[in-house]
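See structure below.
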Amino acid sequence: MGLEAYVVVATILFGLGIACLITRRNVIYVLMGIEMILNSANINFVAFNRFNGDGMDGRMFAIFVIILAAAEAAVALGIVLNVFQLFGTVKPSDVDLLRE
Amino acid sequence: MDLTFNPETDFKWLLAVPLIPLCGYVIQIFFGRFLPRKGDWLLTTGMAVTMAITVWMAFKAIAATQGGEGFFHESLDSDFGFRWLYATEKGATDPLNVTAGILYDGLGAAMLAVVGIVSFFVHLFSTGYMHGDRRYHIFFANISLFTVAMLGLVLSDNILFLFVFWEIMGLMSYLLIGHFSHDPNSHRIKQAAAACKKAFLTTRVGDTCLLVGIMIFYYHFQTFRFTELWEAAQTTVAANGGEYPAWMTAAGLLVFGGTVGKSAQFPLHIWLPDAMEGPTPVSAMIHAATMVAAGVFLLGRTYPLMSPTVLNVVTCFGTVTALFAATIGMTVFDIKGVLAYSTISQLGFMVAGIGTGGLGLIAGLFHMVTHAFFKSCLFLSAGSVIHGCHHEQDMRKMGGLRKKMPLTFLAMLICTLAIAGVPLFAGFYSKDKIIQSAFMKMTHGGLLDGVGLFAYAGLLIAAAMTAFYMFRLIFMTFFGEARDHHVHDHAHESPAPMVVSLLVLATLGMFGGKMWLRDFDLMGAKGTWFEGLTSEIDDGHHGHGSEHEGSVGEAFSIDRMYPGIAITEMNTYVGDSAEHFQESLHAGHTWAMRGSLAVALGGILLAVFIYLLKKADPAKIAAAFGEMYTTVANKYYVDEFVNATVIKLQMVLARTFKWIDENIVDGVVNGTGKINRAFGFMWAWFDSTVVDGVVNGVGAVTNMTGSLVRLFQTGRIQQYASLAFGGLLLLFAWLFLA
Amino acid sequence: MDLRKQQIAFYTALLFGALAAMGWGLKTAGIQGAMFGFFASFTLGGGLMCIWERSVVRSAFSLMATFCGVAGLFILLGHDFLAMAQILIYVGGILVLILFGVMLTPPDLNERQLPRVGLGVVAVVGALAFVGAKVAAVVNWAQAETLPPAETKAEQIGAAFLRADGYVIAFELAAVLLTVALVAAVYIARRKPSDLIDLTEEGGY
Amino acid sequence: MDHTLLNWIIFIPMMGMAAILLCPKRSVGLIKVISLVATFIPLVLATWLYFVGFEVGSPAYQFQFMRPWIYSSSEAMNMKVNYHVGVDGISLPLVWLTTLLLFIGVPASFGIKKGEKAYYALLLLLEVGIIGVFVSLDYFLFYVFWEIMLLPMYFLIGIWGGPRREYAAIKFFLYTLAGSVLMLVAVIALRLETGTFSIPAMTEIAMRGDLLGTKLFAGGMLLGMKFTTWVFWFLFVAFAIKIPVFPFHTWLPDAHVQAPTPISVILAGILLKLGGYGLMRACFPIVPGAFDDFAFTLGVLGVISIVYGAYVALGQTDFKRMVAYSSVSHMGYVLLGVAALTEWGANGAALQMFNHGTSSAAMFLVVGVIYDRAHHRDLNGFGGLSQPMPVYWGLTTLAFFAALGLPGLAGFVSEAVTLIGAYNAGDPRFRVLVLISVIGIVITAAFLLWAIQRVFLGTLNEKYKDYPDINAREIFCQAPLLFLCVALGILPFYLLDWMEGSVEHWVSSMSQAIQIING
């Protein structure tokens, strides 16, 4: 399989992530959408690393992204719980304090 | 005592002159209220020391002149200066640096002594007059700092530092005029508040002109130092074929603008009468003797830069002011008001005198010196009267006070005689010479000079009026019956410090003129001490030396005032032949003398006739003049005119610009916001149909009433994410499709 | 169409899609291609299911499919360590976290509206496909046959992480990041709403 | 080459911020002490740098520190961003002023009673950003610090501001962000063209006349305008918004009016200077040719700001708005002085930046004092306040007179030097500009004195009869600024000697570059 195929998969996964992020009405889905996007990025990193043979940069990036995702998920869930406590809802459209 | 000027030590003494009151100020402003007697003794003692130094230095100047030498010292010659803008890297010669030094010449010596003496006595007077004031210590601090600025102005050797001190004086004048605007017990609290602002702003207009003038001179000459400016002007004029370039005329007029503001010349005189809201000692010192004279002093310092056109303008402004203020002075009933207009009028005399050039320059500066003594004495006397009458200022309520306040009356009478131009009293000598100079200008070159004619006639009339209104003041206040018994019964002589100050200043006002005379020659034919300081007396190297050896004629070679600068070649008398010159000198001497004697006498007699003998009712005379009287009594409506035009225009401009700012400039910003709101609507539409997004968004967007915030901020992270994604797509599209 | 029929149709379509992908892979690159098709359909199918499902729990589990599929793709690319990390961290860590989140917040089964979700997917993927096609047209793609076999060992990665001229800074940074995130997550989760700055209060000054 | 002092000055506040974030929310006293310490140490270090470390009069960058920051092994993708900081005579006084004003800003904020922890943390972050901008010599770093500074300001206005704080904050944010975007575009273009992010290197290339834009665009032209012209206007607008120059000034009054007092002080005292500093450091020297083409336009904008700002201030009834517009007027001098490209003018502009920093900060503190007591700022609503508050009146008068350019106080030196410099400009049209700009001097005096009259003089408004006079904390905040106003009016060489070398070098190299470019 060529690089092209991996990139296509990554792109579609990215699109799905975006769609999940913007269409679902639950903060959890927003989180999941972000995870998909990160995963699509990871596929790209690893694939390009493999096909361009550029040392270990791509892999290292991927590892870093995974670490980041872990950290992000932990913090984000903390925020979700807080938001739920504060607003009594997890619908992002109801959480619009930023507007104030 | 050694009376030769020693640059090594004496410049340090001179530096101490402003520094002593400055230290006093610093102590007073921080600790004054904790000191016994609120610190007045401290500052007054300091001023006594200052006065002693100034007088001592002045004696050195006199001694030098009587030895027949010139007297002109610059501290920078002995490398004694203050590098202002750069202290280390830039040398003193770099045009970017301003090195301030002390210029001590005859004019400076005279003025410094005057300021020292008047300031000390005003301090002394104030210890009595201001007693019990709510802000007593602040008052002393302020007049002290004012004195510092005035002394610094006199001593400064460059025009930029002169400007610096000039403006600091403006600030102190502002604070002192507004002194009573902090006092809840004062019934004129609002007027004082308005007056101080008006004073500062009006003079600020003139000051700005002066600043621009300084800039223009700097641009062409690349220096601020007076001596270098004079030389550069001389070189420039010589290079220009003896003609003044047009820019010098413009710059000269702008510099004169500074004088117009500070010395209260028409049309910027409007602040000075209002400035009488300040305490009387302040009026005496700042608004009679020193600060307003600074404008005249400035003219003296910049005289070699002035082109003939400028000098003509100066003459006209001076004469108009002298006349104009004198007419108003005849109609005013406020005792300080009369003196205020009299001050404006006398300043007009000085300015006009300087404008006539040559002899007039000396005469104008001389008048500045004599006027400082008698006018400060007059003001202090008026203050004494007001103090005695429990802050009553209306002359119509006074009368018959001479028995109640004999010493005040004596002092005031002497000074009135002096200002009226009665021979033997100080004012006569100086005023007479001004008129003589105007006459000479009128007849110079055998032709009738229009400006000279105007000056001669106008100044004579003004002198007559001066004599009239000053005696009117004396008669209304001190003679006749007591008009208001309440005031009269409670009137009393002032305490000792005040009376002492009055009498000393009156003495100076009486003998001041004569003291300047070298040998008590009554008519001053031998020239005065003052001329000795400022002009070359003993030789006739300009070819005019004839039977009038050592006479005023030599005033034309103002060699000692501007060493190395050939003023003769540059002023209005260019082209005069020696014969014409002598003729006009003779004639001027005679005619000026006759004229000024006649008008002084006439004015006094008229005052005696109307106010002492009461042969005519002033009210009827006033009625006879009708509209004319009303106009004059209302100060020619200048204030009203200025309020209705200049001030109004500024306010209209301010409101217009404010409107533009809020509606047009900011309108563009909010308009951008509105466009974005339109995008917001579009987005909302897109959102609700395509992605079925934020239905509430439409409601929210519709609710955005002009608030820019909400246009951009829906607060919904999903919408933000969509926007970001859209932006990303656009970026890609642009990168790969373009 | 009722809910059940929708479900059946959707999963059927997914299944056929996966089969088609595998077949295409088999045809183009043999067994490796088939494996690629398998993992790719796992990945994308999981993503689609995640969006499509009504229940958050189901979505979360379908996300597991995505993660595993990605791990498979990593193996195909020769990076077995990464694949392992992917499974361990994503499936073992993040997914569990998400499930905790799901359990601690209330379900809302009515929030999914099919037209919106469908349109969203079509719009986004369509837009990406459009742009992607343009991109693909100008790119010269590398092929696997021309490349040497990949070699990644965990030791290599470990050494690279700790070598001074390697990725030691990234490693340290990751450590700090994780620590900070850990502390922050604990802190945020423990915080009471009353501790927050009251944003609705009128101006402080 | 490697002096770490500047790093300490930049990052000690950041350590302070971290310390504050670790503090419990309720120990407000501890937070205040930490902020005081974290602002005081940089002040001490900067003072040492100013008086001891810095070689006076030298035009070179001193106390440089450089480390590679963002590098890559592949040549094509190599950004070559360095962490490169250093000070010269133009930036050093501003760095010092920043540390001083932030130190003053902490006690001035003691009146704030909500969200103290976040407030002081943001304040310290703000200091990091501002100092970073002043000392960075790498355009990328410059941009990063520029943005770092933006964020805390947004929150400080938006959370702790007055009733319309959100509007003001977002307006400030959008305005500055718009400028930042333009700057970013210009920076990227410059990077692509010159191959470096280093400001000194870029300047050197430009001064040789080698910056033509031919690498990016054929013939160096884009849409009929020269590449350098584009860069010039992009950068100029970015910095002009910060100064602010007419017509980009309307964020300023809103931001000032809504911001809490200490933030107004910092905003007026330092943030506006970033614009002027940016022009002198990162805009004009990089495109001297375009600067020469538009110098007169800049002068006109400066004069419009001076006169227009003064008039609009005269028309205000809100105390703080009036002071805000006076800033517009005063900062106009900076542009006028720089545009004249004379040594006097540039010196005056640099001096004016510092002096406006002290006098306007003092004025905002003045307004804050009265607002704390009366809770309104309507100029017409006061009257006779000098009776209950004489010391306050005295300090106010001093601050106002310093602002209106009274000789003997600092404002005069810079205004006079600027005007003289502008009058001496090579372009005779500048003389007309100077003649127009002096209207601003009179009008400035008018609105300030009018304000004093309305607030302090005349009949006492009975409502304010019992107001306490200014207290020790407020005097402590004002005293250093007023002291600087007086001291630098009398001894301006304490600034000018330090600036001289750099400014002189700036002017001469600009003139040379213009000559080279114009042939």
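These protein sequence lines are chains S, G, H and E, in that order.
If you read the first sequence in the working numbering, its first letter stands for residue 53, the second for the next number, and so on.
If you read the second sequence in the working numbering, its first letter stands for residue 5, the second for the next number, and so on.
If you read the third sequence in the working numbering, its first letter stands for residue 28, the second for the next number, and so on.
If you read the fourth sequence in the working numbering, its first letter stands for residue 2, the second for the next number, and so on.
Where a beta carbon is used, it is the ideal one built from N, C-alpha and C, also for glycine.
Since the structure is predicted, the reported quantities are computational estimates derived from the model, not experimental observations.
Worksheet item: Anyone know if the C-beta pair for E87 of chain S and I121 of chain H falls short of 8 Å?
Response: Here E87 of chain S is near I121 of chain H, since their CB atoms are less than 8 Å apart.
Worksheet item: Going by the beta-carbon positions, is the gap between V296 of chain G and A326 of chain G smaller than 8 Å?
Response: Going by C-beta atoms, V296 of chain G is not nearer than 8 Å to A326 of chain G.
Item to complete: For the alpha helix (DSSP H) containing T103 of chain G, list its first residue and its last residue.
Response: Note, T103 of chain G: premise wrong, no alpha helix (DSSP H); beta strand (DSSP E) at 103 to 105.
Practice prompt. For chain G, find out if any of its Cβ atoms is closer than 8 Å to the Cβ of S360 of chain E; answer yes or no.
Written response: Not an interface residue.
Worksheet item: Which residues in the same chain have their Cβ closer than 7 Å to the Cβ of G28 of chain G, if we skip the five residues on either side of it in sequence?
Response: Closer than 7 Å at Cβ, skipping near neighbours: L46, L47, G50, S148.
Item to complete: Identify, in the order they occur along the chain, each residue of the same chain with its Cβ nearer than 7 Å to the Cβ of A65 of chain G, setting aside the five sequence neighbours on each side.
Response: So the list reads F75, G110, A113, L537, once near-sequence residues are dropped.
Discussion item. Is there a Cβ of chain G sitting closer than 8 Å to that of A154 of chain H, yes or no?
Written reply: yes
Fill in: Same chain, Cβ closer than 6 Å to F84 of chain G, five either side skipped, listed in chain order
F15
Discussion item. Please classify N638 of chain G as buried or exposed, where buried requires at least 16 neighbouring CB atoms within 10 angstroms.
Written reply: exposed
Item to complete: Taking 8 Å as the threshold, find out whether the stretch 248 to 259 of chain G comes into contact with the stretch 220 to 229 of chain G through three or more Cβ pairs.
Response: yes
Discussion item. Excluding the 5 residues flanking D398 of chain G on each side, which residues of the same chain have their C-beta closer than 6 Å to its C-beta?
Written reply: F337
Fill in: Neighbourhood of L123 of chain E by C-beta distance below 6 Å, restricted to the same chain and skipping five residues each side
P153, F156, L157, listed in sequence order.
Worksheet entry | Completely contained alpha helix (DSSP H) runs for the stretch 271 to 308 of chain E, where each covers 4 or more residues | 273 to 279
Discussion item. Distance check for S509 of chain E and A197 of chain H, CA to CA, integer angstroms please.
Written reply: Looking at the two C-alpha atoms, the distance is approximately 46 Å.
Practice prompt. Look at the Cβ atom of A121 of chain S, then the Cβ atom of L90 of chain S, and state whether they are nearer than 8 Å.
Written response: yes
Worksheet item: Per DSSP, which one or two residues make a beta bridge with E78 of chain G?
Response: Paired residue(s): G:L107.
Worksheet item: Which residue or residues does DSSP assign as beta-bridge partners of P25 of chain E?
Response: P25 of chain E is not bridged to any residue.
Worksheet item: What residues match up with N83 of chain E in a beta bridge as DSSP calls it?
Response: E:P69
Item to complete: Could you work out which residue in E:I476, E:Y495, E:T99, E:W70 is closest to I264 of chain E when comparing CA atoms only?
Response: E:T99
Item to complete: Could you round the C-beta distance between L506 of chain G and C381 of chain G to whole angstroms and report it? I think they count as a contact, below 8 Å.
Response: C381 of chain G and L506 of chain G do touch by the CB rule: their CB atoms are close to 6 Å apart, below 8 Å.
Worksheet item: Would you say Q388 of chain E reaches chain G, if we count a Cβ-Cβ gap shorter than 8 Å as a contact?
Response: yes
Discussion item. Cutting at 6 Å between CB atoms, please list the residues of its own chain near A704 of chain G, excluding the five before and the five after it.
Written reply: Low confidence applies to A704 of chain G: its pLDDT is 42, below 50, so where it sits in the model is not reliable enough to give any reading.
Worksheet item: My guess is that F135 of chain E and L95 of chain E are in contact by the Cβ rule of under 8 Å, so how many angstroms apart are they, rounded?
Response: 5 Å
Item to complete: Grab me the residues of V118 of chain G's own chain with a C-beta within less than 6 Å of its C-beta, minus the 5 sequence neighbours each way, in chain order.
Response: V373, A376
Worksheet item: Do P14 of chain E and A39 of chain E have their C-beta atoms within less than 8 Å of each other?
Response: A contact, by the Cβ cut-off of 8 Å.
Fill in: Neighbourhood of A145 of chain G by C-beta, 7 Å cutoff - its chain only, sequence neighbours within 5 removed
Y29, Q32, I33, G36
Discussion item. Is E148 of chain E close to chain G? Criterion is C-beta to C-beta, closer than 8 Å.
Written reply: no
Discussion item. Measuring only the C-alpha atoms, how far is I200 of chain E from M80 of chain E?
Written reply: 14 Å
Worksheet item: So with Cβ pairs under 8 Å, would you call F125 of chain G a contact of chain H?
Response: no
Practice prompt. Put E553 of chain G into one of helix, strand or coil per three-state DSSP.
Written response: Any reading at E553 of chain G needs caution, since the residue's pLDDT is 33, under 50, leaving its predicted position unreliable; the model's value is listed next. E553 of chain G falls in the coil class under three-state DSSP.
Practice prompt. Give a yes or no on whether 8 Å exceeds the smallest Cβ distance from V83 of chain H to chain G.
Written response: no
Discussion item. So W9 of chain E contacts chain G; which residues on that side make the cut at Cβ distance below 7 Å?
Written reply: Going along chain G, no residue has its Cβ under 7 Å from W9 of chain E, so there is no contact; the nearest lies around 28 Å.
Worksheet item: Under the three-state reduction of DSSP, which class applies to V88 of chain E: helix, strand or coil?
Response: Strand.
Worksheet entry | L315 of chain E vs A403 of chain E beta-carbon contact at 8 Å | The beta carbons of L315 of chain E and A403 of chain E sit no closer together than 8 Å.
Worksheet item: Comparing the C-beta of A199 of chain G with each C-beta of chain H, is any distance below 8 Å?
Response: no
Worksheet item: Quick one: is V656 of chain G buried, meaning 16 or more other Cβ sit within 10 Å of its Cβ, or exposed?
Response: exposed
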